[in-house]
Each structure stands twice: as C-alpha cells, then as structure tokens.
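One structure below.
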Amino acid sequence: MLDDLRLAWRNVWRNTRRSVVTIAAAALALLVIIFYSGMVTGYVEGLQRNILDLEMGDGQIFAEEYRAKPSLYTAIEDPEPLLAKLRDAGYRVSPRLLAAGLGAGEDNSAGVQIVGLEVEAHRGVSKIHEQLHEGAWLSDDDDGVVIGRRLGEELGLGVGDELVVLSQGADGSMANEVYPVRGLLRGISEAVDRGGVFMTSAKFRELMVYEGGVHQIIFRIPEGVELDAAVDAAQAMAPAGVEVSSWKQLQPSMATMLESTQGAMAVMMGIIYIAVGIVVLNAMLMAVFERTREFGVLKAVGFGPGKVFRLIMFETAIQAAFAVTLGVLLAVPLNYYMTTTGIDLSSLGDMSVMNVAMDPIWRSKVDASTYTTPVTALVVIIILAVLYPASRAAWIKPLDAIRD
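Positions in the sequence shown are counted from 1; adding 718 to them yields this note's numbering.
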C-alpha cells in the first residue's frame, strides 16, 4: 500500500502542468460553491429574518372575516384567555389594534395604517424598534407616534413635528388628534414605509373611541417546535371564529420565492459539480492515453488489474486532497470577511424584495455544512469521474499497450 502511494505521488508530479490545472480547477470550483452557498443562504435567511422579526412574526391570529374584509368592528373579542393560553404554552405574543385613516402635515396628506400596540409585549415578537432611521421608539405611556420614513418625507415631517391623524371612530364620530413624531422608521416594507403610523394601544383606543377586543395577535413559536405543529396547536387553543395562520400562509408568494431561490442554488451547484467532473474525467483520460505503454509494461511485470486501478485511484485521491485543502484555505478568509463585514449596499438606497426590506449589508451565513456538503459532493464527483479511466487502464492488454 505504501509503495503504491509513493508511486502514485511520483506519477502525479510527472506531468506537473496537467496536475496543477486539474487541482486548480477543482479548488476554484470548491471555492465558488462554498462562497455562493454562504451568500445565498445569507440572502435567504436575511429576508426570512426580516419577514419574521420586523413584520409577520412566525404567525398571526385574526377574527375569521378580518383578512377578507378588514374592519374596526371585526375583532377578536375578549382575547385575554387566548393570550394567557399561548403564553403558558411558551409562545411570545403581542396584540395589536388596526385602523385605516388619513395622516396630514402642514401641506400634504396621505392614507395611513394606524397601529396600536403594547410596547413591551411587542418587543418580544418584533425588532421593529431597532429599525429607526431617526429619533426614538415609543415608551409605554407615550403620547406620540413613530411613522415610516417615506411617509414623513411625503408629509414634510421630521422628529419633533406634529402629525394630524383623522379617521372614523367606533362610535361613528370623527376621530382626529395631533401627535408629536417621536421617530422615523427605516425601510421595512412598502406599506410601513409609506403609511405606517405606530402608537400605544391606549392612545389608539382613545383616538378611535374603541373599547372592543384586538384585531391582530402576532406570535413567535416556542423554541424547537416546528412551525406547522405550532400553528396547529395555537389553532386548537383558539375559540370559534378565530383564525391562526403561519407567515407562509400569509405570504405564500414570498415563501415560494425563498424555496425557489434555494432550488436555484442547488441547480447552480449541480452545474459546477458536473463541470468539475468533466475536467477530472478529461484529465484522467488524457493521462491514461498518454501512459498506455507504461500501463502495458506494468501489467507485463506482474501488476494485476486491481493494482493498476488502485494506483490511478490513489493519484486521483492525492489531487483531490490538494484541491480540497486549497479550496477550503481560500474559502475560510473570504467567508470570514463576508460574514463579519459583508457587502455594503446602502449606497443603492432602501431595497426590497416583494415589498420586504433587504438589509443594507449583505452578509454570508456560514456553518459546518457550508463546507462539509460541497467538499463531500466534490470528492464523490471526482471519484465517479475517474472510475471509467481507471477501469480502462486496469483491463488494458499488455501486448497491445506495448505495441501502441
């Protein structure tokens, strides 16, 4: 075995140019796959994180008719028993109040979505309070509002200015009030950016003369529980007339897009693997054809088919080991940079995908599988690619080979 390895080592470096090209091609392919995998995973997880952390939560609860026809009067009545059950089961929950209205500055007005929330509870399900472009988030007893940045620009409002909110109260009266603007939000989604007005639940009820239940409950599922199972369990706790939906059910197009992105990544990686397989197959076939006489002599002096086959497999293993080592050594610092620093896209302005904000810094997401999966796949592809050349060399006829 040791003699075979020594012979394989010498054979690899007999044609240095061919070996270097083969090793470099495989190492470059491995580097590209590892880098591409980390960047796509970071992109997908970043979008999903923004969906869950900033807007949707893991799921939401509404009265059955609310999503089809939103109305101030269509609410989850007496939500406290349901909220208590969910909290006892390990869910984090935040009830919200919703209403449509009109927001006005000194010269302009725009349609707005008024959101009333319990400040402390909302911190448990959302990180929207960390997405401030300017100013500060709401406090528990705040009498001000936080609005979307583009809404502020459209109305000519900044932090400290006053927003006039108009709507129709629950009792049919004209609801109108003036609120100081506490903060402007960075781009989260098109709806929030252009029309979001956030205030405390107490101020919402005061504005809308509303004493009913809640319109929406955002929840985050317990650790270690599958999303579908958690949604089913929440639905079982809910009273009749209440609908529990996961974020995938609320945003099916986004869920499909994220899945298709991962599918496209798999296709791209497959193409690269095939290209590497072709390079290795071509290199080893060339080596076999060039060394036909050599293999004939080896067979003539007593090398059996198994030993010739093993010799070529050892040569391939040596080249694969160099390629994997080189590819990983190049990928580690590159991925470290992309994970910690990333690509700053803030100069392009606020970006969104299907109305969901993208982080201004695009970072890679790397774990052990980012390396182990491509390395394993590459080694398997190389082994499969060399089987035919190795078999051809192993069963070559000594006399024919020597004549050639």
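Positions of the beta carbon are idealized from the N, C-alpha and C atoms, including for glycine. All of these numbers come straight from a predicted model, not from anything done at the bench.
About 18 angstroms separates the beta carbon of LEU903 from that of LEU765, a gap too long to meet the 8 angstroms contact definition. Exposed is the label assigned to LYS787, since fewer than 16 other Cβ atoms lie within 10 Å of its Cβ.
Per DSSP, reduced to three states, the secondary structure at VAL758 is helical. GLU961 sits close to ILE779, with the two beta carbons spaced by under 9 angstroms. A direct Cα-to-Cα measurement between ALA1001 and LYS1017 gives close to 22 angstroms.
If only complete runs of 4 or more residues are kept, the segment 733-784 shows the alpha helix (DSSP H) at 734-768, in order along the chain. Secondary structure of VAL1098 (DSSP, three-state): helix.
Annotated as proximal: LEU925 and GLU895, with beta-carbon spacing under 9 angstroms. Along the segment 918-989, the alpha helix (DSSP H) occurs as fully enclosed runs of 4 or more residues at 919-926, 945-955, 965-968, listed in sequence order. Annotation: the continuous alpha helix (DSSP H) that includes PRO1023 extends over 1023-1058.
TYR897 sits in a strand when the DSSP states are folded into three classes. In the DSSP secondary-structure assignment, SER812 is bridged to ILE936. Distance check between ALA1103 and each of PRO1078, GLU880, ILE1030 places ILE1030 closest, using alpha-carbon atoms only.
For the options GLY905, ILE865, ILE1114, ILE741, the alpha carbon positioned closest to that of GLY821 is the one of ILE865. For GLY913, the enclosing alpha helix (DSSP H) starts and ends at 908-913. Fewer than three pairs of CB atoms, one per stretch, sit closer than 8 angstroms, so the segment 736-754 makes no contact with the segment 925-944.
Scanning ILE1036, ILE1100, VAL1006, ALA1112 for the CA closest to the CA of TRP727 turns up ILE1036.
In the DSSP annotation of this structure, GLU798 is not part of any beta strand (DSSP E); the continuous alpha helix (DSSP H) holding it starts and ends at 798-806.
Taking all protein chains shown into account, PHE1007 has fewer than 16 neighbouring C-beta atoms within 10 Å of its C-beta and is therefore exposed. With fewer than three CB-CB distances shorter than 8 angstroms, the segment 953-960 does not count as touching the segment 971-986. In the DSSP assignment, GLU880 falls within the unbroken beta strand (DSSP E) covering 880-886.
Within the segment 821-868, the beta strand (DSSP E) runs of at least 3 residues that lie entirely inside it are, in chain order, 827-835, 850-853, 863-866.
For THR1010, the enclosing alpha helix (DSSP H) starts and ends at 1010-1018. One alpha carbon belongs to GLY808, the other to SER789, and they sit about 30 angstroms apart. Counting other Cβ atoms within 10 Å of its Cβ, GLN831 reaches 16 or more and is therefore classed as buried. In terms of Cα proximity to THR759, the closest of VAL949, ALA982, GLU782 is ALA982. Around the C-beta of ARG867, 16 or more other C-beta atoms lie within 10 Å, and the residue is accordingly described as buried. Of the candidates ASP806, LEU1096, PRO813, LEU856, LEU1096 places its Cα closest to the Cα of VAL994.
Linking TRP855 to ILE1101 through their CA atoms gives a straight-line distance of about 58 angstroms. Less than 9 angstroms separates the beta-carbon of PHE916 from that of VAL833. Here the C-alpha atom of ILE906 lies approximately 35 angstroms from the C-alpha atom of LEU748. Looking only at PRO970, GLU880, GLN849, the smallest Cα-Cα distance to GLY862 is reached by GLU880. About 5 angstroms separates the beta carbons of ASP858 and VAL837, which is inside the 8 angstroms limit, making them a contact pair.
Taking 8 angstroms as the upper bound for CB-CB distance, VAL883 and VAL899 are not in contact here, some 11 angstroms apart.
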